[in-house]
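**Student:** Quick one: this structure, given as structure tokens, is what I'll be asking you about.
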């Protein structure tokens, strides 16, 4: 299986540059001078004044909403156009609609279980096998609420935490580039125990989504999945995780 990696932070993308087991690297900025391996990552919310410039030399672009599809249609971009999981493709009809809008590859919705994905079909699609799932994308800013001032940091943003009544900690990234907050799940999705089932679905590729991880952790997790897929070795998966809806789906 082809393994791609999505990196919310530039340092994560740079940590994977020398890893030949990773195919495409999805990030907001190209981590090297070679753009053929780079997929430009677009924001969750597109606003006037914060819309990114599309790089015509990028190997592809990952779109997360229909406004970005409109932006692409107005541009001269001719590379691969990949739909993220939020552009829903629950069935063949939805996939055909996305293809008609210029999508060349879709991401399997995170809400589907194994049997539903098998019925839908994963050929030509990408399956996320690791990463913290966004629970909410909000325009209101937790940093602003806590500190009563903006504290805008375009380069790094702010990583904050929310704790629920069961003491579960949810990372919140205040993304100052695009002025919104992303609330992530308390533990990452990881399908390392189900990799044989993922393989049986015959997706075009699988993807590792890196969000809050530091570069050393990114390297370790990427190597663990590459080793698992190539050799079947399940060592080095010693972190808390969830299987998401892969086994149970949404009721």
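In our numbering, the protein residues as written are -14 to 236. Glycine included, each C-beta is placed from N, C-alpha and C at the ideal position.
Out of 190, -10, -12, which one is the CA nearest neighbour of residue 108?
**Tutor:** Counting from 1 along the chain shown, the entry for residue 108 is found at position 123. That would be 190, whose Cα lies nearest to the Cα of residue 108.
**Student:** In terms of alpha-carbon separation, which member of 221, 111, 230 lies closest to residue 66?
**Tutor:** Within the chain shown, the letter at position 81 stands for residue 66. Among 221, 111, 230, the Cα nearest to that of residue 66 is on 111.
**Student:** Spell out the partners DSSP gives residue 166 in its beta bridges.
**Tutor:** Position 181 of the chain shown, counted from the start, is the residue given in the question as residue 166. According to DSSP, residue 166 bridges with 123, 159.
**Student:** Is residue 100 helix, strand or coil by DSSP?
**Tutor:** To locate residue 100, count along the chain shown from 1; it is residue 115. Helix.
**Student:** Based on Cα-Cα distance, which residue from 70, 40, 76 lies nearest to residue 57?
**Tutor:** For the purposes of this step, residue 57 is identified with residue 72 of the chain shown, where counting begins at 1. Cα-wise, what sits closest to residue 57 is 40.
**Student:** Let me know the secondary structure DSSP gives residue 210 once reduced to three states.
**Tutor:** The sequence position of residue 210 within the chain shown is 225, counting from 1. DSSP places residue 210 in helix when its eight states are reduced to three.
**Student:** So, do the segment 212 to 231 and the segment 133 to 148 have three or more beta carbon pairs nearer to each other than 8 angstroms?
**Tutor:** These segments do not touch.
**Student:** Rounded to the nearest angstrom, how far is the Cβ of residue 31 from that of residue 4, given a contact under 8 angstroms?
**Tutor:** Numbered from its first residue, the chain shown carries residue 31 at position 46. Numbered from its first residue, the chain shown carries residue 4 at position 19. At roughly 31 angstroms, the Cβ-Cβ gap does not stay under 8 angstroms, so residue 31 and residue 4 are not in contact.
**Student:** Quick check: the Cα distance between residue 45 and residue 151, rounded to an integer number of angstroms?
**Tutor:** Along the chain shown, one-based indexing puts residue 45 at 60. Along the chain shown, one-based indexing puts residue 151 at 166. The straight-line gap from Cα to Cα measures roughly 41 angstroms.
**Student:** Thinking residue 192 and residue 114 are a contact (beta carbons under 8 angstroms), I'd like their distance in whole angstroms, please.
**Tutor:** Numbered from its first residue, the chain shown carries residue 192 at position 207. Numbered from its first residue, the chain shown carries residue 114 at position 129. Confirmed, Cβ separation roughly 7 angstroms.
**Student:** In the DSSP output, what is residue 195 paired with across the bridge?
**Tutor:** Taking the chain shown and counting its residues from 1, the one referred to as residue 195 is at position 210. -8.
**Student:** So, helix, strand or coil for residue 143, using DSSP?
**Tutor:** On the chain shown, residue 143 is found 158 positions in, with the first residue counted as 1. Looking at residue 143 - three-state DSSP - the assignment turns out to be strand.
**Student:** State the beta-bridge partners of residue 25 as determined by DSSP.
**Tutor:** Your numbering for residue 25 matches position 40 in the chain shown. Note: residue 25 sits in a beta bridge opposite 12, 46.
**Student:** Just reading off the alpha helix (DSSP H) that residue 51 is part of, what are its end residues?
**Tutor:** The residue you call residue 51 lines up with position 66 of the chain shown. Start and end: 51 to 59.
**Student:** Between which two residues does the beta strand (DSSP E) carrying residue 77 extend?
**Tutor:** For this step, residue 77 is matched to residue 92 along the chain shown. First-last for residue 77: 77 to 85, but that is the alpha helix (DSSP H), not the beta strand (DSSP E).
**Student:** Using 8 angstroms for Cβ pairs, my map puts residue 153 next to residue 171. What's the rounded Cβ distance?
**Tutor:** Mapped onto the chain shown, residue 153 falls at position 168. Mapped onto the chain shown, residue 171 falls at position 186. That pair is a contact at about 4 angstroms.
**Student:** CB residue 296 to CB residue 200, shorter than 8 angstroms?
**Tutor:** Residue 296 lies beyond the residue range present for the chain, which begins at -14 and ends at 236; the question has no answer from this structure.
**Student:** Could you check what DSSP says for residue 68 in three-state terms: helix, strand or coil?
**Tutor:** Walking along the chain shown from the start, residue 68 turns up at place 83. In the structure shown, residue 68 sits in a strand (DSSP, three-state: E or B).
**Student:** Let's test the definition: count the other Cβ atoms within 10 Å of the Cβ of residue -2 and tell me whether it reaches 16, buried, or not, exposed.
**Tutor:** To locate residue -2, count along the chain shown from 1; it is residue 13. Its Cβ being crowded by 16 or more others within 10 Å, residue -2 is buried.
**Student:** Taking the alpha carbon of residue 11 as the reference point, which residue from 25, 141, 61 has its own alpha carbon closest?
**Tutor:** Translated into positions along the chain shown, residue 11 becomes position 26. Checking every option, the nearest Cα to that of residue 11 belongs to 25.
**Student:** Where residue 71 and residue 94 are concerned, what is the direct C-alpha to C-alpha distance, given to the nearest angstrom?
**Tutor:** Counting from one through the chain shown, the residue named residue 71 turns up at place 86. Counting from one through the chain shown, the residue named residue 94 turns up at place 109. Taking the straight line from one Cα to the other gives about 7 angstroms.
**Student:** Using the C-alpha atoms, what's the distance from residue 133 back to residue 92?
**Tutor:** Residue mapping note: residue 92 aligns to position 107 of the chain shown, counting from 1. Residue mapping note: residue 133 aligns to position 148 of the chain shown, counting from 1. Computed Cα separation, rounded: 38 angstroms.
**Student:** Assuming residue 113 is part of the beta strand (DSSP E), what are its boundary residues?
**Tutor:** Here residue 113 corresponds to residue number 128 of the chain shown, with the count starting at 1. Element bounds for residue 113: 110 to 116.
**Student:** If you draw a straight line from the alpha carbon of residue 29 to that of residue 229, how long is it in whole angstroms?
**Tutor:** Counted from its first residue, the chain shown places residue 29 at position 44. Counted from its first residue, the chain shown places residue 229 at position 244. Their Cα atoms are separated by approximately 21 angstroms.
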